[in-house]
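Accompanying notes for the structure given below.
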Amino acid sequence: MKLIRNIVVITILALLWSCSYSFTGSSVPLHLKTISIPIVKDKSGKGEANISNDITQNLIQQFTDDNSLQVTNAANSDAVLSVSLVSFNEQTEVVSGEDEKATDRKITITVQALYKDLVMKKTIFDKRFSNYATFDATEQSIENRQDAIKRAIENVNLDLLLAVVADW
């Protein structure tokens, strides 16, 4: 009876101990505490209204929410993430019906990101990130398009965030 009780107690303790382990998913080097994110430059040539500001604000918000690095100004930062919008593409995704009407469209956003460690004075990466979102172009297409742009921005910025905090 004592043996069974001891096994049960050990099992419960082992389960509780394993459940208390926490993993943030972040592997940012200890010397990096802050990051600056300058305004995104629009080099796409598409002239999409407010896209630079929208990408910048969403990127800052994602870093703020993640809390791996504190977003600060350039003068006080340990790292800098400079981003340029290099491509904004919209294309037909699904064509249906006898009249071959476009029902879905796809927004693809591609950015070039340069991430520098200012403490160690080295470039961590300089690479492109691309992501997309689709929308229904048959009804409320203006609102649906704006929502797809917002989701494409969130998607590409999440890729950026993960590259900065987890790709070490």
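Following the working numbering, the numbering of the sequence shown begins with 26 at its first residue and continues without gaps. Virtual Cβ for every residue (Gly too), placed ideally from N, Cα, C. None of the values given here were measured: they were computed from a predicted structure.
Per-residue DSSP class, three states only, for E164: Taken through DSSP and simplified to helix, strand or coil, E164 comes out as coil.
For L94 and T59, believed in contact at Cβ under 8 Å, the rounded distance: Sure, about 6 Å apart at Cβ, within 8 Å.
Buried versus exposed call for I149 [16 or more other C-beta atoms within 10 Å across all chains shown]: With 16 or more Cβ atoms within 10 Å of its Cβ, I149 is classed as buried.
7 Å Cβ shell around I178 - same chain, five flanking residues per side excluded: Once the five neighbours on either side are set aside, the close Cβ partners of I178 are D79, I80, N83 and I134.
Whole-angstrom C-beta distance between L110 and S77, which should lie under 8 Å: At roughly 7 Å, the Cβ-Cβ gap stays under 8 Å, so S77 and L110 are in contact.
C-alpha gap between N92 and V190, whole angstroms: Between the C-alpha atoms of N92 and V190 there is a straight-line separation of about 10 Å.
Distance, N180 Cα to L106 Cα: Their backbone Cα atoms lie some 17 Å apart in a straight line.
7 Å CB neighbourhood of D172 in its chain, flanking five on each side removed: Cβ within range, chain order: F160.
Beta-bridge pairing of I62 - partner residues as DSSP gives them: DSSP, once it has assigned bridges, lists no residue as partnering I62.
Whole-angstrom distance between T117 and R130, CA atom to CA atom: Roughly 4 Å separates the two Cα atoms.
Spatial neighbours of S69 in its chain, beta-carbon cut-off 7 Å, leaving aside the 5 residues before and after: Excluding the 5 residues flanking it on each side, S69 has same chain C-beta neighbours closer than 7 Å at L110, V111, S112 and F113, in chain order.
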